[in-house]
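For any residue, its number in our numbering is found by taking its place in the sequence shown, counting from 1, and adding 6. Cβ coordinates follow ideal geometry from the N, Cα and C atoms, glycine included. Treat the numbers as computed from the prediction; the structure is a model and nothing was measured. Here is the structure we will look at, set down as structure tokens.
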Amino acid sequence: MKRASVFFGVVVLASCAVVPKLAGEPVSIFAIAPDAPETWAAVGVSGDLPITDWLSQFQDETMIALVSEALAANPTIRSQYYTAQATRAQVRSAYGRSLPNLSVSASGGGNSFFFETFAGDIRRSELALGLSTSLDWEVDLWGRIGDGIRAARADLLASEADLAAARLSIASQTAIAWIDLNEALAQERVAVQTYEARANALTLTERRFSSGLTNALDVRTARTTLASSEAAIAARRQASGNATRRLEVLLGRYPGAAIDAPAEIASLEPISGAGNPALLLSRRPDVAAAEARVEASGLRAEQARLALLPGLRISGSASTSEDNLTDAFDPSRIAARLLASLTAPVFNGGSLRADRDAAIARAHASVESYAATVLTAWREVEDALAADTLLAQQEDAQARALEEAQFAEDLATRQYTNGLVSIFNLIDSQTRRLNAESNLIAARSARASNRVRYHLALGGGLPVTEQQDPTVAGTLALEKAILP
7 MKRASVFFGV VVLASCAVVP KLAGEPVSIF AIAPDAPETW AAVGVSGDLP ITDWLSQFQD
67 ETMIALVSEA LAANPTIRSQ YYTAQATRAQ VRSAYGRSLP NLSVSASGGG NSFFFETFAG
127 DIRRSELALG LSTSLDWEVD LWGRIGDGIR AARADLLASE ADLAAARLSI ASQTAIAWID
187 LNEALAQERV AVQTYEARAN ALTLTERRFS SGLTNALDVR TARTTLASSE AAIAARRQAS
247 GNATRRLEVL LGRYPGAAID APAEIASLEP ISGAGNPALL LSRRPDVAAA EARVEASGLR
307 AEQARLALLP GLRISGSAST SEDNLTDAFD PSRIAARLLA SLTAPVFNGG SLRADRDAAI
367 ARAHASVESY AATVLTAWRE VEDALAADTL LAQQEDAQAR ALEEAQFAED LATRQYTNGL
427 VSIFNLIDSQ TRRLNAESNL IAARSARASN RVRYHLALGG GLPVTEQQDP TVAGTLALEK
487 AILP
């Protein structure tokens, strides 16, 4: 039984039936993984899967453009592409080895003769040419060679799924890096605003001190908080520089901290539809890769078992001289010398049986790995769904906290100006406003990043149009591979 796993707009066939004949019995890959519930544990997310164009919810054209650039230029994607190309070549190689092997060899030689005659010495040379052909073919008597070809095909499916997973991972990392950069710049902006507020407070304190309305302690305290806010700006600028360089590396650019951002983070709507756990298994590229590896390891286990059975090999040869070189390619001449040999392993120190046992163990290990991949996929979605609700609550609470902190700071500034409160009350209100605004930015950024991880966990597609070069374009089109 096969099912179509759809991701990135390309249909990839992934095996979901059995590991063929492990120790003589079929083994279902779903015998290990737990049953999928009908709905997610999170409340309020029942319904259809979210829209494919998941980047559009951020309403950020720059983010979409950066993801497109990363998909075209990221070296990790290129590396995985060439790995898939190598696997595709291995499929052709496996198929080619199943066909008869015809080889041709040529030989040449010469003789020189010397004669003495009355007319003088005569030297004569003769050149002899020879051509021979040989045919060798192992008949797939038990289907062992065919299993090898099918295992190579499964490896190709796994490699293509790995490429799809790499592209989705880089897309999500780029989107999150852009969000992190905006958060860092927003935090830097808050630090600058705090510095400006504390510089104004210092000016006011020094004016009051010159008028005899306050003491030197208030001046020293105001100067301390101003220096601390200056240090905070430097720390925030370091963080924004690091965030910029991380993004540039994902884009395949030199990390020169040359990207600017508006320091804005989108407010998001709640998640309304997440499909169901069973549907997830047809969307995740890592699950598709795990399924394909289960199939490949099972086929190789069957290959190792069949290696214990007799093998049939057919061979033949023909040769000719320079009189008629085409005779070497005459099918009748080759057929007349065909030999068939049937060989069976008798004693090899138990190596073939050990190879069979090892292959069966590896196949069982791939089944367990598949189960672990499925459980991880479900956990990542559940984590993202739960986090979205809690982060939305945090964002709402932090927004209310910021509003109250701003009112408190305005009130403390007026009261300090009128001599009703001390400098410590003013500094405390400014610190509370700073923390509230910083926490709101962090909560909004965390929710946006979690939303990206949510779509990554769902195996969501890539709606962007990549400006790809020939090494990347069309890498996921399996139907273009040369397969038997």
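Original post:
What three-state label does DSSP hand Asn-441 in the structure shown?
Top reply: helix
**OP:** Decide if Pro-291 is buried, meaning its Cβ has at least 16 other Cβ atoms within 10 Å, or exposed.
**Re:** buried
Original post:
Is the CB-CB distance between Val-49 and Glu-443 below 8 Å?
Top reply: no
Subject >> Close Cβ partners of Ala-313 (< 6 Å) along its chain, the five nearest in sequence each way excluded >> reply: Leu-358
Original post:
Straight-line CA distance for Thr-423 to Ala-47?
Top reply: 55 Å
Original post:
Taking Cβ positions, are Gln-65 and Ala-405 nearer each other than 8 Å?
Top reply: no
Subject >> Local Cβ density within 10 Å of Leu-391, reported as buried at 16 or more and exposed below that >> reply: buried
**OP:** Go ahead and label Leu-315 buried or exposed: buried means 16 or more other beta carbons lie within 10 angstroms of its beta carbon, across all protein chains shown.
**Re:** exposed
**OP:** Inspect the beta-carbon positions of Thr-45 and Asn-354 and report whether they are closer than 8 Å.
**Re:** no
**OP:** Please go through the same chain and pick out, in chain order, the residues whose beta-carbon is closer than 6 Å to the beta-carbon of Lys-27, but skip the five residues on each side of it.
**Re:** Because the pLDDT of Lys-27 is 49, which lies under 50, any placement of that residue in the model is unreliable, and the question is left without a value.
Original post:
Could you give the C-beta distance for Arg-457 and Leu-256, rounded to a whole number, given that I count them as a contact under 8 Å?
Top reply: Between Leu-256 and Arg-457 the Cβ distance is about 18 Å, and since that is not below 8 Å, they are no contact.
**OP:** Starting from the Cα of Thr-227, find the closest Cα among Arg-204, Ala-237, Arg-243 and give me that residue.
**Re:** Arg-204
Subject >> Beta carbon of Val-97 nearer than 8 Å to that of Ala-158 >> reply: yes
**OP:** Would you grab the beta carbon distance between Asn-90 and Ser-165 for me? Rounded to a whole angstrom, and I think it's under 8 Å.
**Re:** Going by the sequence as given, residue 90 is Ala instead of Asn. Yes, they are in contact, since the Cβ atoms of Ala-90 and Ser-165 sit about 4 Å apart, within 8 Å.
Subject >> CA nearest to the CA of Ala-245, picked from Val-225, Ala-263, Thr-230 >> reply: Ala-263
Subject >> Exposure of Ser-217, with buried meaning 16 or more beta-carbon neighbours within 10 Å >> reply: exposed
**OP:** Report the residue from Ala-452, Ala-411, Tyr-87, Ser-278 whose alpha carbon sits nearest the alpha carbon of Leu-397.
**Re:** Ala-452
Subject >> Sub-8 Å separation of Ala-302 and Asp-361 beta-carbons >> reply: no
Original post:
Count the other CB atoms within 10 Å of the CB of Arg-103; is the residue buried (16 or more) or exposed (fewer)?
Top reply: exposed
Subject >> Residue environment, Gly-304, which counts as buried when at least 16 other CB atoms sit within 10 Å >> reply: buried
Original post:
Going by Cα to Cα distance, which pick from Ala-449, Glu-75, Gln-86 is closest to Glu-270?
Top reply: Ala-449
Original post:
Arg-75 and Arg-319 look like a contact to me (Cβ under 8 Å); what is the Cβ gap, rounded to whole Å?
Top reply: Residue 75 is actually Glu in this sequence, not Arg. Going by Cβ atoms, the distance from Glu-75 to Arg-319 rounds to 54 Å, so no, they are not a contact pair.
Original post:
What's the C-alpha gap between Leu-285 and Gly-465?
Top reply: 11 Å
Subject >> Assigned exposure category for Asn-107 - 16 Cβ within 10 Å defines buried >> reply: exposed
Subject >> Closer than 8 Å to chain B by CB, Ala-158 >> reply: This model lacks chain B altogether; it includes just one protein chain.
**OP:** Kindly indicate which residue of Leu-440, Leu-381, Glu-401, Ser-435 has the alpha-carbon position closest to the one of Asp-416.
**Re:** Ser-435
Original post:
Quick one: what's Glu-144 bridged to in DSSP?
Top reply: Arg-319
Original post:
Does the distance from the CB of Ala-177 to the CB of Leu-77 come in under 8 Å?
Top reply: yes
Subject >> Reduced DSSP secondary structure (H/G/I, E/B, other) of Gly-30 >> reply: Its pLDDT being 48, under 50, Gly-30 is placed unreliably by the model, and nothing is read from it.
Subject >> Local conformation of Leu-169 per DSSP, three classes >> reply: helix
Subject >> Strand pairing of Ser-111, partner residues [DSSP] >> reply: Ser-138
Original post:
Can you tell me whether Asp-394 is buried or exposed, with buried defined as 16 or more other CB within 10 angstroms of its CB?
Top reply: buried
Subject >> Backbone CA spacing between Gly-480 and Val-380 [nearest angstrom] >> reply: Here Gly-480 scores only 39 on pLDDT, less than 50, and its place in the model should not be relied on; the value that follows carries that caveat. C-alpha separation (whole angstroms): 28 Å.
Subject >> Whole-angstrom C-beta distance between Val-73 and Thr-180, which should lie under 8 Å >> reply: 5 Å
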